[in-house]
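Q: One structure, pasted below without further comment.
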Amino acid sequence: MNRTQQRLLWLAIATGLGLFIGGRWNIPLAAWLAPVFLIRFYRTSERPWRDFGLVWLVSALSTIISWQGATFMAQIHPAAEAAFFLALAPLGLLPYVIDRAYARRFGAPFWLTLVFPVAATAVDILSSGGSPFGSFGAGAYAQREALPIMQLAALSGLWGITFVISWSASLANHCWDHGFRLSRPALLAACAVALVPGIGLGRVLLAPEAGQTAQVAGFSLPAGKLAAMLAQLQAGDQAGFRQAADRLHAQELAQIRALAQRGAQIVVLQEGAGLGYADQVAQLLADAAAVAQAEQIYIVLPTVTFGEAQAANVVRIIDPSGAVVLEHVKYGGNQFEGSLKGDGVLHTVDTPYGRLSAVICWDADFPEIVRQAGQQRVDLLFVPANDWPAVRDIHAGMATFRAVENGMA
Numbered sequence: 009m010n011r012t013q014q015r016l017l018w019l020a021i022a023t024g025l026g027l028f029i030g031g032r033w034n035i036p037l038a039a040w041l042a043p044v045f046l047i048r049f050y051r052t053s054e055r056p057w058r059d060f061g062l063v064w065l066v067s068a069l070s071t072i073i074s075w076q077g078a079t080f081m082a083q084i085h086p087a088a089e090a091a092f093f094l095a096l097a098p099l100g101l102l103p104y105v106i107d108r109a110y111a112r113r114f115g116a117p118f119w120l121t122l123v124f125p126v127a128a129t130a131v132d133i134l135s136s137g138g139s140p141f142g143s144f145g146a147g148a149y150a151q152r153e154a155l156p157i158m159q160l161a162a163l164s165g166l167w168g169i170t171f172v173i174s175w176s177a178s179l180a181n182h183c184w185d186h187g188f189r190l191s192r193p194a195l196l197a198a199c200a201v202a203l204v205p206g207i208g209l210g211r212v213l214l215a216p217e218a219g220q221t222a223q224v225a226g227f228s229l230p231a232g233k234l235a236a237m238l239a240q241l242q243a244g245d246q247a248g249f250r251q252a253a254d255r256l257h258a259q260e261l262a263q264i265r266a267l268a269q270r271g272a273q274i275v276v277l278q279e280g281a282g283l284g285y286a287d288q289v290a291q292l293l294a295d296a297a298a299v300a301q302a303e304q305i306y307i308v309l310p311t312v313t314f315g316e317a318q319a320a321n322v323v324r325i326i327d328p329s330g331a332v333v334l335e336h337v338k339y340g341g342n343q344f345e346g347s348l349k350g351d352g353v354l355h356t357v358d359t360p361y362g363r364l365s366a367v368i369c370w371d372a373d374f375p376e377i378v379r380q381a382g383q384q385r386v387d388l389l390f391v392p393a394n395d396w397p398a399v400r401d402i403h404a405g406m407a408t409f410r411a412v413e414n415g416m417a
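Basically our numbering = 1-based index in the sequence shown + 8.
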């Protein structure tokens, strides 16, 4: 196999692994291996502009395939999602450009192993940290099934995971450059990287049992139910929408009561479960309060109120006395959804089951805001959502990072 064939093989391996990074078919190990081969391919390039275009194309293609239908852009048009990934791909490739420039200038000293991870982490922070989409797409989320690796988020947040994964790829190339012989600094660095999953595994296995537990139950609406009702609303069928909302609310109240009678102490509904006009939402809240009081349960009830200038997407917690003890207005993604924007302040309520709080769906993608839950020592954070099938597992996995970061369930 000649040099060109070797390089194309490295690119093919990286591209194939890219199909399993973060998207619908996520394999955590792929995020560790792919950059090893992509660094190798681009460092050895004699035509960097041409090869950058090639890497841009194949990396965007693998992302488009593996994330198909999983972003908000897909709700606009499938082509919009593909164009979004194609436009965003060059930003993710900047660390490889920087790494190659330093490698060509300085060779392969040990300190060079830090260039790629620093650049990759900086790009991750810039692209995910201040985005209106929140942290959606952050590299660390590719570890969503790898509990030992996820534990690092408790110390460093998402960005520490990005750094460690990127450093391991850079270290692998450092060893590759030196005939797979480990210098003392490289050996120490490799041991430091290996400590991350090692300590994380210990943290998972040795975690103390919960001091108290609560029986939590929840349910989602039938697929397409909310979409059908919103279509009625948008078509101007107010009478049909009212009837559908009243029927839905009655069914939900019956389901809450049934779950309570089966032993549930807290019942949680999905985002938008209580949609309707203002008077309908008010009646639902009153009826839910009566159920909470009769069954002596807590109800986490999201509502969407129409009829005002902007729809209000709100989650409330109702206690066993029937009182609304927590109210939170969604703050994430409002510019895309057109709903009233919340203030980003998390509220808490102390209960026999610990300190509770709640946010809604997209809210959980903003780690810097959800950090309030950790600061307030929340025990259980509810995140009712309305995700479609293509993004459901991805988004649920992202939410688990907020639990690790803030020491809560």
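For each residue, glycine too, the CB sits at the ideal point set by N, CA and C.
Here the structure is a predicted model, which is why all the values come from computation and not from measurement.
Tell me the residue span of the beta strand (DSSP E) that contains F314.
A: Y306 to F314 is the extent of the beta strand (DSSP E) around F314.
Q: For Y149, which of helix, strand or coil comes out of DSSP?
A: DSSP places Y149 in helix when its eight states are reduced to three.
Q: Is it the case that the Cβ atoms of L348 and V367 are separated by a distance below 8 Å?
A: No, Cβ-Cβ distance for L348 and V367 is not below 8 Å.
Q: What does the alpha-carbon distance come out to for the pair A253 and F344?
A: Between A253 and F344, the C-alpha separation is close to 24 Å.
Q: Secondary structure at G362, three-state DSSP: helix, strand or coil?
A: Here G362 sits in strand by DSSP.
Q: Between C199, I169, R15 and P103, which lies nearest to Q151 when the distance is taken from Cα to Cα?
A: Measuring from the Cα of Q151, the nearest candidate turns out to be I169.
Q: For I325, which of Y339, G61 and Q301 has the nearest alpha-carbon?
A: When only C-alpha atoms are compared, the closest one is Q301.
Q: According to DSSP, is G336 helix, strand or coil?
A: A quick correction: the sequence has His, not Gly, at residue 336. In this structure, H336 counts as strand in the three-state DSSP scheme.
Q: State the DSSP-derived secondary structure class of N342, mapped to helix, strand or coil.
A: In the structure shown, N342 sits in a helix (DSSP, three-state: H, G or I).
Q: Could you tell me which residues DSSP pairs with F249 in its beta bridges?
A: Bridge partners of F249: none, in fact.
Q: Going by beta-carbon coordinates alone, are T121 and A97 separated by less than 8 Å?
A: Going by C-beta atoms, T121 is not nearer than 8 Å to A97.
Q: Straight-line CA distance for V312 to E413?
A: Each residue's Cα considered, the two are about 29 Å apart.
Q: If L214 sits next to A194, beta carbons under 8 Å apart, how far is it from one beta carbon to the other, in whole angstroms?
A: The pair is not a contact, with the Cβ atoms about 30 Å apart (cut-off 8 Å).
Q: Among the candidates H336, R400, P103 and P36, whose CA atom is the shortest distance from the CA of T129?
A: Per the Cα distances, P103.
Q: What are the start and end residues of the alpha helix (DSSP H) that includes F114?
A: Segment P86 to F114, the alpha helix (DSSP H) holding F114.
Q: I'd like the span of the beta strand (DSSP E) that includes N394, first residue to last.
A: From DSSP, N394 is part of no beta strand (DSSP E); its letter is neither H nor E.
Q: Quick one: is H186 buried, meaning 16 or more other Cβ sit within 10 Å of its Cβ, or exposed?
A: Its Cβ having fewer than 16 others within 10 Å, H186 is exposed.
Q: Going by beta-carbon coordinates alone, are V275 and A268 separated by less than 8 Å?
A: In this structure, A268 lies closer than 8 Å to V275 by Cβ.
Q: Quick test of the definition: if touching needs 3 or more C-beta pairs under 8 Å, does the stretch 359–378 touch the stretch 389–401?
A: Result yes; three or more Cβ-Cβ pairs closer than 8 Å.
Q: Alpha helix (DSSP H) containing R324: first to last residue?
A: R324 -> not in any alpha helix (DSSP H); beta strand (DSSP E) instead, spanning A320 to I326.
Q: How big is the Cα-Cα spacing for R108 and A39?
A: Computed Cα separation, rounded: 20 Å.
Q: Is the separation between the beta-carbon of P36 and that of I157 shorter than 8 Å?
A: Yes.
Q: Please list, in chain order, all residues of the same chain as Q240 whose beta carbon is under 8 Å from its beta carbon, the five residues on each side excluded.
A: Counting only Cβ-Cβ distances below 8 Å, and skipping sequence neighbours, we find G248, F249 and A252.
Q: When burial is assigned at 16 or more other CB atoms within 10 Å of the CB, is N10 buried or exposed?
A: Counting Cβ neighbours within 10 Å, N10 comes out exposed, since fewer than 16 surround it.
Q: Kindly provide the ranges of any beta strand (DSSP E) runs that are 3 or more residues long and lie completely inside the stretch 24–93, ordered along the chain.
A: With a minimum length of 3 residues, no continuous beta strand (DSSP E) run stays inside the stretch 24–93.
Q: In three-state DSSP terms, what is I274?
A: Looking at I274 - three-state DSSP - the assignment turns out to be strand.
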